[in-house]
Amino acid sequence: MSERQRIGFIGLGAMGSLMAQHLVSVGVQVVAFDVDETKRRQFEFFADSPADVAKDVEWVICMLPHPDVLQNVLLGKHGIRETARPGTMVIDMSTSGPDIDVFCAQALEPSGVELIDAPVGKGTWAAGQGALTILAGGTSDQIARATWLLRLLGTKIIHCGPLGSGQVVKLGNNIATCANLAAVYEAYQFATSNGANVEALLEVMRETAADSWQLNNTVPRALANDFSLGFKSSLALKDLTLTLSRAATEGLHLPCTQGALTWYQRSVDAGDGDRDLGVIFKQSARLID
Numbered sequence: 001m002s003e004r005q006r007i008g009f010i011g012l013g014a015m016g017s018l019m020a021q022h023l024v025s026v027g028v029q030v031v032a033f034d035v036d037e038t039k040r041r042q043f044e045f046f047a048d049s050p051a052d053v054a055k056d057v058e059w060v061i062c063m064l065p066h067p068d069v070l071q072n073v074l075l076g077k078h079g080i081r082e083t084a085r086p087g088t089m090v091i092d093m094s095t096s097g098p099d100i101d102v103f104c105a106q107a108l109e110p111s112g113v114e115l116i117d118a119p120v121g122k123g124t125w126a127a128g129q130g131a132l133t134i135l136a137g138g139t140s141d142q143i144a145r146a147t148w149l150l151r152l153l154g155t156k157i158i159h160c161g162p163l164g165s166g167q168v169v170k171l172g173n174n175i176a177t178c179a180n181l182a183a184v185y186e187a188y189q190f191a192t193s194n195g196a197n198v199e200a201l202l203e204v205m206r207e208t209a210a211d212s213w214q215l216n217n218t219v220p221r222a223l224a225n226d227f228s229l230g231f232k233s234s235l236a237l238k239d240l241t242l243t244l245s246r247a248a249t250e251g252l253h254l255p256c257t258q259g260a261l262t263w264y265q266r267s268v269d270a271g272d273g274d275r276d277l278g279v280i281f282k283q284s285a286r287l288i289d
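Counting from 1, one number per residue, gives the positions in the sequence shown under the UniProt record's numbering.
Have a look at this one:
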């Protein structure tokens with residue numbers, strides 16, 4: 001098997017494990033790493049550190065939960081920078097924010113290691129089927145060289161611009177995703193507190209401009225108390241926090257984003273951070289003194 005078909009994969013969480021398993025299913029030799037030893041040992045080829053992953057591959061995918069974790073994996077002790085050969089390309093498919101990707105790319109450049117960002121859209125169902133939407137940031141040449149691998153994981157690849165642009169687009173998409181669900185939740189609470197027929201409200205919303213994917217997918221599960229699938233509340237909170245931090249550096253005021261963040265913060269504070277973001281429907285919208 002050529003090195004082109006041997007890749008490193010770091011981060012085997014809900015999305016990463018499915019993506020890595022899918023790559024194996026289509027014939028790619030995956031060298032896997034996760035801090036959880038039981039997760040990495042599920043793969044035929046695994047490593048004991050990011051440095052061990054990088055020493056024998058030319059491609060490394062990272063799917064990690066937080067920018068600090070990404071920085072440590074790339075630049076920390078036993079990180080990729082210690083062993084990666086010149087010409088290695090790192091693809092950050094996490095939602096990390098643009099700043100950390102630009103910082104890490106600059107730090108890796110003297111070693112001859114390239115980095116592009118390629119966060120993903122859709123969810124776990126798409127991760128396991130190679131049906132993700134991939135939001136790529138980097139030069140046209142870099143994206144062209146990485147396309148063979150990205151196409152194994154996604155059915156749609158959108159080149160969003162230079163390095164970091166994929167992250168910006170992903171965060172922008174998540175503003176709309178998370179704020180939309182929060183708006184549906186508030187409409188639901190408003191109708192409930194005023195004694196209206198909630199099913200009538202939801203039917204009207206589906207027939208008007210208020211219709212949305214969240215309304216038709218997340219909300220029915222939430223109302224059935226099913227919070228097992230989809231996008232974790234803690235990750236929604238992380239992404240909105242990244243968004244507001246970046247917006248502040250640009251002098252932007254995003255009140256809808258800030259308002260949505262409040263609901264996901266409440267979910268996390270209530271111990272529901274590992275449950276689907278629809279868990280906000282468990283909350284009361286009553287004012288708290």
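Cβ atoms here follow ideal geometry from the backbone N, Cα and C, with glycine treated the same way.
DSSP puts Ala136 in a beta bridge; with which residues?
For the purposes of this step, residue 136 is taken as residue 136 along the sequence shown, with counting starting at 1. Bridge partners of Ala136 according to DSSP: His159.
Among Pro220, Met93, Thr88, which residue has its Cα nearest to the Cα of Val113?
Here residue 113 refers to the residue found at position 113 when the sequence shown is read from its first residue. Nearest of Pro220, Met93, Thr88 to Val113, Cα basis: Thr88.
Would you mind reading off the limits of the beta strand (DSSP E) that contains Ile80?
Start at 1 with the first residue of the sequence shown, and residue 80 comes out as number 80. Per DSSP, Ile80 is not a residue of any beta strand (DSSP E); the alpha helix (DSSP H) it occupies stretches across 80-83.
Pairs of beta-carbons, one from the segment 22-40 and one from the segment 196-205, closer than 8 Å: are there three or more?
In short, these stretches do not touch, since the Cβ pair count stays below three.
Glu250 in three-state terms, based on DSSP:
By one-based count along the sequence shown, residue 250 stands at place 250. Glu250 falls in the coil class under three-state DSSP.
Starting from the C-beta of Gly161, find all residues in its chain whose C-beta is less than 7 Å away, skip the five residues before and the five after it, and write them out in chain order.
As a working mapping, residue 161 is identified with position 161 in the sequence shown. Only Gly137 meet the Cβ criterion.
Suppose the cutoff is 6 Å on Cβ atoms and the five residues either side in sequence are ignored; what does the same chain contact list for Arg40 look like?
In the sequence shown, residue 40 corresponds to position 40, counting from 1. Here the set comprises Ala32, Phe33, Asp34, Phe46.
6 Å CB neighbourhood of His159 in its chain, flanking five on each side removed
To locate residue 159, count along the sequence shown from 1; it is residue 159. Here the set comprises Ala136, Ile143.
Keeping to the same chain, check which residues put their C-beta closer than 6 Å to that of Leu254; ignore five residues upstream and five downstream.
Residue numbering aside, residue 254 sits at position 254 when the sequence shown is read from its first letter. By the criterion of a C-beta distance shorter than 6 Å, Leu254 is surrounded in its chain by Ala247, once the five residues flanking it on both sides are discounted.
Where do the ends of the alpha helix (DSSP H) carrying Leu18 lie?
On the sequence shown, position 18 is the one that residue 18 refers to. For Leu18, the enclosing alpha helix (DSSP H) has its first and last residue at 14-25.
Since Tyr264 and Ser233 should fall inside the 8 Å C-beta cutoff, what is the C-beta to C-beta distance between them, to a whole number of angstroms?
Reading the sequence shown from its first residue, position 264 is the one you call residue 264. Reading the sequence shown from its first residue, position 233 is the one you call residue 233. 5 Å between Cβ atoms; contact.
Starting from Val90, trace the beta strand (DSSP E) in both directions and tell me its first and last residue.
Indexing the sequence shown from 1 puts residue 90 at position 90. Where Val90 is concerned, the enclosing beta strand (DSSP E) stretches over 89-92.
Relative to the C-alpha of Gly166, which residue among Thr95, Ala51, Lys122 is closest?
Counted from its first residue, the sequence shown places residue 166 at position 166. Comparing C-alpha distances from Gly166 to each of Thr95, Ala51, Lys122 shows the shortest one belongs to Thr95.
Residue range of the unbroken alpha helix (DSSP H) whose run includes Gly259
As a working note, residue 259 is residue 259 in the sequence shown. Per DSSP, Gly259 belongs to the alpha helix (DSSP H) from 255-269.
Taking the beta carbon of Leu64 as the centre, do at least 16 other beta carbons fall within 10 Å, making it buried, or is it exposed?
Indexing the sequence shown from 1 puts residue 64 at position 64. When all chains shown are included, Leu64 counts as buried.
Compute every distance between the C-beta of His66 and the non-hydrogen atoms of the ligand MG, then say whether any falls below 7 Å.
The ligand MG is absent from the structure shown, which contains no ligand whatsoever.
Helix, strand or coil at Glu37 [DSSP, three-state]:
Here the question's residue 37 lines up with position 37 in the sequence shown. DSSP places Glu37 in the helix class (H, G or I) of the three-state scheme.
Just how far apart, CA to CA, sit Ala107 and Glu44?
The count along the sequence shown starts at 1 and reaches residue 107 at position 107. The count along the sequence shown starts at 1 and reaches residue 44 at position 44. Distance between the alpha carbons of Ala107 and Glu44: 31 Å.
Apart from the five residues on each side of it in sequence, which residues of its chain come closer than 7 Å, Cβ to Cβ, to Pro67?
By 1-based counting over the sequence shown, the position of residue 67 is 67. The beta carbon of Pro67 is closer than 7 Å to those of Ser96, Gly97, Ile100 in its chain, skipping five residues each way along the sequence.
Under the three-state reduction of DSSP, which class applies to Ala196: helix, strand or coil?
As a working mapping, residue 196 is identified with position 196 in the sequence shown. In the structure shown, Ala196 falls within a coil segment according to DSSP collapsed to helix, strand and coil.
In its own chain, which residues sit with a C-beta less than 6 Å from the C-beta of His78, not counting the 5 before and 5 after it?
As a working note, residue 78 is residue 78 in the sequence shown. For His78, where only same-chain residues beyond five positions count, the Cβ hits under 6 Å are Ser49, Ala51.
Let me check understanding here. Comparing Cα to Cα, which of Ala210, Thr124, Lys238 lies closest to Leu171?
One-based indexing of the sequence shown puts residue 171 at position 171. Looking at the Cα atoms, Lys238 is the closest of the given residues.
Please report the straight-line C-alpha distance between Thr155 and Thr133, rounded to a whole angstrom.
Residue numbering aside, residue 155 sits at position 155 when the sequence shown is read from its first letter. Residue numbering aside, residue 133 sits at position 133 when the sequence shown is read from its first letter. Thr155 and Thr133 have their alpha carbons spaced roughly 6 Å apart.
Quick check on DSSP: helix, strand or coil for Leu181?
The residue given as residue 181 occupies position 181 in the sequence shown. DSSP places Leu181 in helix when its eight states are reduced to three.
Find out if the Cβ-Cβ distance for the pair Ile7, Leu18 is shorter than 8 Å.
Sequence index remark: in the sequence shown, residue 7 carries index 7 (1-based). Sequence index remark: in the sequence shown, residue 18 carries index 18 (1-based). No, these two residues do not count as a Cβ contact at 8 Å.
On a CA-only basis, which of Thr218, Leu235, Ala196, Leu223 is nearest Leu229? Give me that one, please.
For the purposes of this step, residue 229 is identified with residue 229 of the sequence shown, where counting begins at 1. Comparing Cα positions, the closest option is Thr218.
Residues near Met1 by beta carbon distance below 7 Å, same chain, minus five either side
Taking the first residue of the sequence shown as 1, we reach residue 1 at position 1. Reliability fails at Met1, whose pLDDT of 42 lies under 50, so the model's placement of it is uncertain and no value is given.
According to DSSP, is Leu153 helix, strand or coil?
Residue 153 sits at position 153 when you count from the first residue of the sequence shown. Leu153 falls in the helix class under three-state DSSP.
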